[in-house]
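Worksheet: one structure, shown below.
Protein chains in written order, with the working numbering: chain A, 1 to 309; chain B, 1 to 509; chain C, 1 to 308.
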């Protein structure tokens with residue numbers, strides 16, 4: 001019973017590896033998976049960013065270089081005039097004003113209608129709920145082009161079309177697309193994830209549905225709501241076909257994309273290609289800034305303090 | 001319970017919408033002939049003109065509109081209604097507005113679009129015939145003025161599914177052959193290979209190809225003379241289609257002689273397949289489409305290009321493509337242009353619209369212009385392009401009068417000349433070509449391509465052609481333009497390709 | 001309690017119902033009605049009576065559009081959908097999970113992955129021509145397949161095989177649809193409580209197991225959403241065809257598959273442009289039925305796998 005083995009060490013063995021080795025291996029494993037993840041992400045990121053990069057270099061090229069057969073990855077001659085020409089020819093003030101008005105109001109409208117509808121579908125029990133939801137989904141299954149003419153006739157009958165009717169034009173560009181089933185569905189999924197316990201707890205506290213919606217559900221779903229906000233705003237920024245129809249007859253009603261297509265004619269003048277691209281870049285930068293600013297609000301985790309499983 | 005409620009709701013909505021559809025069938029008054037009123041309105045009448053002009057052309061139109069509004073202040077006022085985009089976008093916008101009951105006074109566009117506004121029943125037409133206005137003793141055109149119009153331009157407006165003049169020209173463009181003058185003079189791959197070590201050649205070549213060298217006629221002639229005297233490769237401009245193909249064969253053979261057959265080079269490029277086939281068919285007397293009694297009864301009888309001569313000609317074209325003599329936009333896949341090959345030295349000749357001249361300019365060589373080669377032994381016939389104007393039925397007669405007066409102003413000799421030249425289009429009256437503006441413009445033809453174009457097109461006026469216009473004529477044009485693609489890119493047989501094209505046409509009639 | 005919820009619910013839904021009735025349901029009903037009209041003239045609303053003629057032209061073998069729809073548009077639409085949707089969802093899932101797990105450079109990556117959403121469509125089309133060009137394309141340069149036609153045929157030479165064109169357009173579609181999906185998944189991942197991951201670590205679960213047993217089920221509402229909406233969207237694919245192949249939809253060797261990449265919506269828009277709204281409406285109704293069936297199947301299959 002004497003200690004005859006002074007160098008005896010206690011070794012915990014698992015899978016024939018010592019604890020130390022296992023630690024080292026798992027560290028190695030983690031580093032490896034991290035490196036692989038970064039490599040994968042970096043590769044995908046390169047693919048994602050390439051067209052944006054192309055957009056920028058094209059905006060600095062002159063027409064002849066854009067039309068070359070061997071594409072150049074950096075402009076041979078940097079044509080800064082593309083940007084100055086884009087600025088001078090494009091009526092930024094009016095276009096921006098129109099796009100912002102239409103964008104912000106339709107986004108606010110969408111947010112409210114979406115919150116109400118998603119709440120009804122996610123939280124309230126009522127007859128015909130599933131049927132209504134299926135009808136809503138079904139409306140996504142028809143291509144938009146089928147509805148253009150009919151909607152134009154409706155909008156015209158409602159008196160929104162007129163040469164100097166700016167308010168009417170705004171209304172016509174905002175109302176038909178205010179309801180978005182895509183976002184109602186998205187928010188409904190998010191609302192459904194909010195645990196029932198919270199609702200019951202609120203009921204016990206004597207809160208009405210309305211208060212529960214605005215004090216609990218909306219804050220919890222804020223990342224989704226901000227996503228909807230950004231995407232809807234971008235939608236207004238990019239919309240073209242419908243505003244083109246509404247704004248015919250008055251260039252003061254044009255939105256940004258109408259301005260881009262109507263002010264530059266790349267078909268007739270080869271250099272307009274680059275100018276149009278420069279104008280596009282100018283118009284895209286605010287969108288990117290918007291996303292960068294709001295990104296952290298989307299990515300912020302939602303704390304579930306106060307809820308124990 | 002809930003089911004019946006749902007049912008009543010949906011059937012109610014259904015009934016309401018059916019009613020709405022019937023209600024929306026009220027547009028403007030539809031008459032195919034109108035009469036000019038002799039007096040003028042007492043209150044301001046607005047004339048809405050739908051257009052899709054690009055930035056470059058807007059200037060002069062704006063000036064004409066201001067002049068008109070000043071002249072008729074208090075009576076008529078023209079309002080420009082611009083649609084952002086191409087003629088197709090304009091056509092879609094006008095169609096939708098008509099459906100909503102918004103009727104413009106006039107709009108620009110292509111006859112193919114106008115035939116759609118006309119429709120299939122003359123009593124349902126949204127636009128009206130212009131003969132009453134043209135022949136009106138007070139406000140119409142005199143016999144002299146009528147003769148002043150370039151005849152083909154007027155004739156284009158008379159080739160619709162119904163008799164009479166339904167549209168009037170605004171300005172026109174056509175096709176032209178752009179060719180590489182330096183290549184023809186001897187600055188080509190073959191010579192570079194043959195005279196690789198020759199310093200004389202190198203010097204002469206440098207004189208014409210250096211960036212910014214601006215080769216003159218003298219330097220080009222010097223090169224050509226030298227090349228010819230040294231048995232090099234110099235080429236003469238072809239005038240007929242057959243000559244052009246033979247020249248292309250020669251070029252390819254010459255490249256083979258110098259062991260250059262692996263270099264990508266297609267001597268001839270033609271950007272519009274449809275124009276190629278339509279104009280060559282017309283010159284060779286091959287039927288394409290018709291407007292006649294039989295087609296009035298049965299719209300599918302408009303399309304008559306499904307015949308043996310057409311197939312035979314297309315087969316020769318297919319062979320040309322296979323021999324790498326000819327490329328077209330269709331053969332390239334549909335989204336690439338042959339003028340890119342031209343400016344990148346992979347083609348020596350490129351046939352395209354005079355409107356797109358800036359795409360044929362290259363800093364690598366001097367671009368020359370020539371008429372499109374015509375069918376040997378036949379009369380040359382060139383495609384006409386460029387917008388015309390049609391007039392819509394309105395309940396207010398003064399709108400018709402105002403539109404007419406506005407058109408007369410647009411068509412006025414000096415106005416039209418300035419409007420057309422701004423972007424190398426051709427004015428519509430013979431007298432325009434005699435104006436000082438025109439002469440000054442054309443006098444600068446050696447300095448820039450855009451001045452060179454009217455210089456060359458002024459002689460083509462006697463040879464323009466029109467195609468019949470009817471509901472479905474635009475599909476005919478698209479489909480005949482697809483035939484080469486079907487055969488060369490999709491490996492359909494000639495018969496199958498024609499059948500496919502005819503099928504699409506019949507469905508669109 | 002139930003009746004109280006009933007009218008309250010309808011009150012919440014009122015704005016949506018009113019707007020949709022006018023701007024969505026009415027046009028849809030109109031489409032269905034028009035699909036049964038003969039020789040419908042859109043401008044003055046006249047027609048020559050009710051008929052099945054329009055559907056006949058599309059569905060029966062002798063019809064005008066039988067080939068266009070059954071042999072080209074429908075197969076293209078189905079193939080594109082079945083390839084691009086699963087691929088892009090799985091890819092987006094991986095990217096989102098990867099993005100969520102890296103310790104630094106998160107913000108930059110998240111912004112970069114959003115770029116395609118803000119890139120102009122024309123520029124995108126140009127880039128894909130640059131990548132997939134036959135002679136000068138980057139893809140061919142990287143993989144050594146010089147002269148292989150992905151989008152553009154060699155004049156007088158090699159034609160584009162359907163498979164190659166399919167590859168390029170699927171590449172395009174997947175690329176284009178990733179940002180939206182990644183955004184949704186990332187948002188959903190924020191909702192997953194950290195305590196679940198902690199529990200998994202204590203249990204010494206491997207990375208893969210954590211993903212499969214915890215992340216995916218907790219993300220299942222978002223995955224279902226993305227699946228349903230992506231399928232519906234993919235069935236309506238149109239812009240990518242124009243962007244890549246031009247207004248004619250491409251021309252490929254007919255012996256390797258359909259001779260063009262025209263999709264159902266391409267056919268619909270084409271008919272509208274030709275003024276034949278009745279054929280477009282009939283095709284839209286047929287497409288609607290197909291999408292409806294597909295969606296119903298998806299809901300049934302996923303019922304057990306979605307956890308809220």
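Quick reminder that beta carbons are idealized off the backbone N, C-alpha and C, glycines included.
All figures in this text were calculated on a predicted structure; none of them were measured in a lab.
Should residue i go down as buried or exposed, given a rule of 16 or more other Cβ atoms within 10 Å for buried?
i	result
residue 68 of chain C	buried
residue 54 of chain A	buried
residue 328 of chain B	buried
residue 190 of chain B	buried
residue 165 of chain C	buried
residue 38 of chain B	exposed
residue 292 of chain B	exposed
residue 167 of chain A	exposed
residue 25 of chain A	exposed
residue 265 of chain C	buried
residue 163 of chain C	exposed
residue 102 of chain B	buried
residue 6 of chain A	exposed
residue 303 of chain C	exposed
Which of helix, strand or coil does DSSP assign to residue i?
i	result
residue 23 of chain B	The predicted position of residue 23 of chain B is uncertain, since its pLDDT is 42 and thus under 50; no value can be drawn from it.
residue 194 of chain A	coil
residue 62 of chain A	coil
residue 308 of chain B	helix
residue 370 of chain B	strand
residue 302 of chain A	With a pLDDT of 49 at residue 302 of chain A, under the threshold of 50, the modelled position of this residue cannot be trusted; read the value that follows with caution. In the structure shown, residue 302 of chain A sits in coil (DSSP, three-state: anything other than H, G, I, E or B).
residue 133 of chain A	helix
residue 82 of chain B	strand
residue 41 of chain C	strand
residue 164 of chain C	helix
residue 385 of chain B	strand
residue 152 of chain A	helix
Assuming residue i contacts residue j (C-beta within less than 8 Å), just tell me the rounded distance between them.
i	j	result
residue 62 of chain A	residue 274 of chain A	6 Å
residue 220 of chain C	residue 306 of chain C	5 Å
residue 516 of chain B	residue 251 of chain A	An answer regarding residue 516 of chain B cannot be provided, because it is not within the stretch 1 to 509 covered by chain B.
residue 45 of chain B	residue 87 of chain B	No, residue 45 of chain B and residue 87 of chain B are not in contact; Cβ-Cβ is about 27 Å, not under 8 Å.
residue 310 of chain C	residue 141 of chain C	Shown here, chain C extends from 1 to 308; a query on residue 310 of chain C therefore has no answer.
residue 117 of chain A	residue 184 of chain A	5 Å
Please report the distance separating the alpha-carbon of residue i from that of residue j.
i	j	result
residue 303 of chain B	residue 505 of chain B	7 Å
residue 411 of chain B	residue 377 of chain B	36 Å
residue 141 of chain B	residue 286 of chain B	36 Å
residue 148 of chain A	residue 238 of chain B	50 Å
residue 256 of chain A	residue 80 of chain C	32 Å
residue 109 of chain A	residue 119 of chain A	15 Å
residue 82 of chain C	residue 260 of chain C	18 Å
residue 428 of chain B	residue 369 of chain B	21 Å
residue 374 of chain B	residue 381 of chain B	7 Å
residue 60 of chain C	residue 53 of chain C	10 Å
residue 149 of chain B	residue 353 of chain B	22 Å
residue 235 of chain B	residue 92 of chain C	58 Å
residue 44 of chain A	residue 170 of chain A	40 Å
Just checking residue i against the ligand FAD - is the residue's beta carbon closer than 8 Å to any of the ligand's heavy atoms?
i	result
residue 47 of chain C	Ligands in the displayed structure: none, and consequently the ligand FAD is not present.
Exercise. Enumerated in chain order, which unbroken segments of the alpha helix (DSSP H) with a length of 4 residues or greater are wholly contained in the segment 234-263 of chain C?
Worked result: Those alpha helix (DSSP H) runs which fall completely within the segment 234-263 of chain C and span 4+ residues are 239-245.
For this session: Any chance you could list the beta strand (DSSP E) runs of at least 3 consecutive residues sitting entirely within the segment 338-370 of chain B, in chain order?
Result: 349-353, 367-370
Exercise. What are the complete alpha helix (DSSP H) segments, minimum 4 residues, inside the segment 94-139 of chain A?
Worked result: 129-139
For this session: Let me know the alpha helix (DSSP H) ranges lying completely inside the segment 147-206 of chain B, each 4 residues or longer, listed in chain order.
Result: The alpha helix (DSSP H) runs lying completely inside the segment 147-206 of chain B and spanning 4 residues or more are 151-156, 181-185, 189-194, given in chain order.
Problem set entry | Whole runs of the alpha helix (DSSP H) within the segment 43-112 of chain B, excluding any shorter than 4 residues | 58-71, 87-99
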